[in-house]
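Participant: Questions regarding the structure given below will be posed in turn.
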């Protein structure tokens, strides 16, 4: 749990095992932050570390931190549990990797194209307040929620028509991206991101659906030189804090933590649209070619997504007694506020969007 210190001398262990020093000065805390992102990734270097440094600076060093990146505390799929169980105080997790656990939050993975995570968090946070809060247990504090930057199909061979996708073996992050892979006639394959490089190298898979910054971080551009651009959505993710860790932060420090963690990307300038454009430019320099299908073919894809992904997801949620359509209509309303297009949204439901 959180480590507490005071600038006076002497210390003792409290009942939760936290170190407490006695004195008359202001209390300080150490936040342990966990993520599976690699140490050299855009996220770790330009979002999580600057976010934690901002907390430290704005608290006059009363907030310090330990960063556990590269899945140091456990399997990437288990990063929500790492925080919930108190192995870390705060951390990043990917909800899509356990979709049955956060079922309606996967609406943030719908096939739309959001180009900056700062905007994605604004959208996700509003969706959390509207409806998605019901997905989360009471023993965590959700500080931010978002869909990731729009994923692309990255492949070893060029995709110049819809037919080129058929039969390909594509690594999927799970959730709605799996449905999209199936809808285009490809075969979804599931494996950790760290195994993708070798699988592409040996030809076990033909490509991957993921966002540009992770494609760069795992150096997959060395093997797959082609990207199909489109509104393919991406995973649902966010930052959470262990509830007890949050409750034991001194009251005057809580606003500092909330302000920093509410939208880390906006705070740090990491993974904004400009940053992603720069990542794509770097990938082009590495020889990656970005392909766009003719408009007619893209519309065919979006039509398939409308039926095989969007409507199917709503039907699946409603069959489980969950508010799938309500979540989707709310998502479309929030997207409209930010002028984000949703080409696979069912046109007959437009009149129900409020």
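Numbering (our numbering), first residue to last: 45 to 398.
For each residue, glycine too, the CB sits at the ideal point set by N, CA and C.
Quick check: what's the CA-CA separation for residue 428 versus residue 314?
Facilitator: Since the first residue of the chain shown is 45 and the last is 398, residue 428 is not available in this structure.
Participant: Considering only residues of the same chain and omitting the five flanking positions on each side of residue 381, which have a CB-CB separation below 7 Å?
Facilitator: What you label residue 381 is simply residue 337 of the chain shown in a count that begins at 1. Answer for residue 381: no residue qualifies.
Participant: Out of curiosity, what's the CA-to-CA distance linking residue 179 and residue 173?
Facilitator: As a position in the chain shown, residue 179 is number 135, starting the count at 1. As a position in the chain shown, residue 173 is number 129, starting the count at 1. Each residue's Cα considered, the two are about 11 Å apart.
Participant: Rounded to the nearest angstrom, what separates residue 370 and residue 181 at their Cα positions?
Facilitator: On the chain shown, position 326 is the one that residue 370 refers to. On the chain shown, position 137 is the one that residue 181 refers to. Each residue's alpha carbon lies about 20 Å from the other.
Participant: Can you tell me where the alpha helix (DSSP H) with residue 408 in it begins and where it stops?
Facilitator: The question about residue 408 has no answer here: the residues shown for the chain are numbered 45 through 398.
Participant: Give the straight-line distance between the Cα atoms of residue 70 and residue 106, rounded to the nearest whole angstrom.
Facilitator: Indexing the chain shown from 1 puts residue 70 at position 26. Indexing the chain shown from 1 puts residue 106 at position 62. Rounded to the nearest angstrom, the two C-alpha atoms are 8 Å apart.
Participant: How about residue 123 and residue 109: are their beta carbons less than 7 Å apart?
Facilitator: Counting from 1 along the chain shown, the entry for residue 123 is found at position 79. Counting from 1 along the chain shown, the entry for residue 109 is found at position 65. Result no, Cβ atoms of residue 123 and residue 109 do not sit closer than 7 Å.
Participant: So, for residue 160: in the same chain, excluding its five sequence neighbours on each side, which residues have a beta-carbon less than 6 Å away from its beta-carbon?
Facilitator: Residue numbering aside, residue 160 sits at position 116 when the chain shown is read from its first letter. Around residue 160: 316 and 317.
Participant: Give the secondary structure of residue 174 by DSSP, where H, G and I count as helix, E and B as strand, and everything else as coil.
Facilitator: The count along the chain shown starts at 1 and reaches residue 174 at position 130. Helix.
Participant: Determine whether the beta carbon atoms of residue 147 and residue 113 lie at a separation below 7 Å.
Facilitator: Taking the chain shown and counting its residues from 1, the one referred to as residue 147 is at position 103. Taking the chain shown and counting its residues from 1, the one referred to as residue 113 is at position 69. No, Cβ-Cβ distance for residue 147 and residue 113 is not below 7 Å.
Participant: Going by DSSP, which residues form a beta bridge with residue 91?
Facilitator: Locating residue 91 in the chain shown gives position 47, counting from the first residue. Beta-bridge pairing links residue 91 to no other residue.
Participant: Under three-state DSSP, which class holds residue 55?
Facilitator: In the chain shown, counting from the first residue as 1, residue 55 sits at position 11. With a pLDDT of 38 at residue 55, under the threshold of 50, the modelled position of this residue cannot be trusted; read the value that follows with caution. Reduced to three states, the DSSP call for residue 55 is strand.
Participant: Mind the definition here: the stretch 140-156 touches the stretch 275-282 only if three or more C-beta pairs lie below 8 Å; say whether that holds.
Facilitator: These segments touch.
Participant: Under 7 Å, do residue 353 and residue 223 count as touching if we go by C-beta distance?
Facilitator: Numbered from 1 along the chain shown, position 309 holds the residue referred to as residue 353. Numbered from 1 along the chain shown, position 179 holds the residue referred to as residue 223. In this structure, residue 223 lies closer than 7 Å to residue 353 by Cβ.
Participant: Using 7 Å as the threshold, is the C-beta distance between residue 73 and residue 46 below it?
Facilitator: Sequence index remark: in the chain shown, residue 73 carries index 29 (1-based). Sequence index remark: in the chain shown, residue 46 carries index 2 (1-based). Going by C-beta atoms, residue 73 is nearer than 7 Å to residue 46.
Participant: In the DSSP assignment, the alpha helix (DSSP H) including residue 320 goes from what residue to what residue?
Facilitator: As a working mapping, residue 320 is identified with position 276 in the chain shown. Looking at the DSSP string, the run of the alpha helix (DSSP H) that includes residue 320 is 317-329.
Participant: From the DSSP output, in three-state form, read off residue 379 for me.
Facilitator: The residue given as residue 379 occupies position 335 in the chain shown. Helix, per DSSP.
Participant: Return yes when the Cβ of residue 76 is within less than 7 Å of the Cβ of residue 133, no when it is not.
Facilitator: As a first step, residue 133 must be located in the chain shown, where it is residue number 89. As a first step, residue 76 must be located in the chain shown, where it is residue number 32. Yes.
Participant: Which value, in whole angstroms, describes the spacing of the CA atoms of residue 351 and residue 184?
Facilitator: Your numbering for residue 351 matches position 307 in the chain shown. Your numbering for residue 184 matches position 140 in the chain shown. If you take the alpha carbons of residue 351 and residue 184, they lie about 35 Å apart.
Participant: Identify whether residue 357 lies in helix, strand or coil by the three-state DSSP scheme.
Facilitator: Here residue 357 corresponds to residue number 313 of the chain shown, with the count starting at 1. Correct three-state label for residue 357: helix.
Participant: Closer than 8 Å is the cut-off here; do at least three beta carbon pairs connect the stretch 226-242 with the stretch 193-213?
Facilitator: Touching, yes, given that three or more Cβ pairs across the two stretches are closer than 8 Å.
Participant: Compare the beta carbon distance of residue 378 and residue 170 with 7 Å and say whether it is the shorter of the two.
Facilitator: Residue numbering aside, residue 378 sits at position 334 when the chain shown is read from its first letter. Residue numbering aside, residue 170 sits at position 126 when the chain shown is read from its first letter. Yes, these two residues count as a Cβ contact at 7 Å.
Participant: Please determine, among 128, 364 and 206, the residue with the shortest C-alpha to C-alpha distance to residue 348.
Facilitator: Walking along the chain shown from the start, residue 348 turns up at place 304. It is 206.
Participant: So, at 8 Å on beta carbons, what are the nonlocal neighbours of residue 226 in its own chain, with the 5 sequence-adjacent residues on each side left out?
Facilitator: Residue numbering aside, residue 226 sits at position 182 when the chain shown is read from its first letter. Same-chain partners within the cutoff: 232 and 352.
Participant: Counting only the same chain and skipping the five closest in sequence on each side, list residues whose C-beta sits under 6 Å from that of residue 221.
Facilitator: As a first step, residue 221 must be located in the chain shown, where it is residue number 177. Same-chain partners within the cutoff: 253.
Participant: Tell me the DSSP secondary structure of residue 107 in three-state form.
Facilitator: Translated into the one-based positions of the chain shown, residue 107 becomes position 63. Correct three-state label for residue 107: strand.
Participant: Could you spell out the range, first to last residue, of the alpha helix (DSSP H) harbouring residue 290?
Facilitator: The residue you call residue 290 lines up with position 246 of the chain shown. Unbroken alpha helix (DSSP H) run through residue 290: 287-291.
Participant: According to DSSP, what are the bridge partners of residue 134?
Facilitator: Numbered from 1 along the chain shown, position 90 holds the residue referred to as residue 134. Beta-bridge pairing links residue 134 to 77 and 285.
Participant: Which same chain residues end up closer than 6 Å to residue 131 when comparing Cβ atoms and leaving out the 5 residues on each side of it in sequence?
Facilitator: Locating residue 131 in the chain shown gives position 87, where the first residue counts as 1. Answer for residue 131: 117, listed in chain order.
Participant: Report the residue from 125, 175, 139 and 144 whose alpha carbon sits nearest the alpha carbon of residue 376.
Facilitator: Numbered from 1 along the chain shown, position 332 holds the residue referred to as residue 376. Closest by alpha carbon: 175.
Participant: Might you give, ordered along the chain, the residues of its own chain that have their beta carbon closer than 7 Å to the beta carbon of residue 269, omitting 5 neighbours on each side?
Facilitator: As a first step, residue 269 must be located in the chain shown, where it is residue number 225. So the list reads 331, 332 and 333, once near-sequence residues are dropped.
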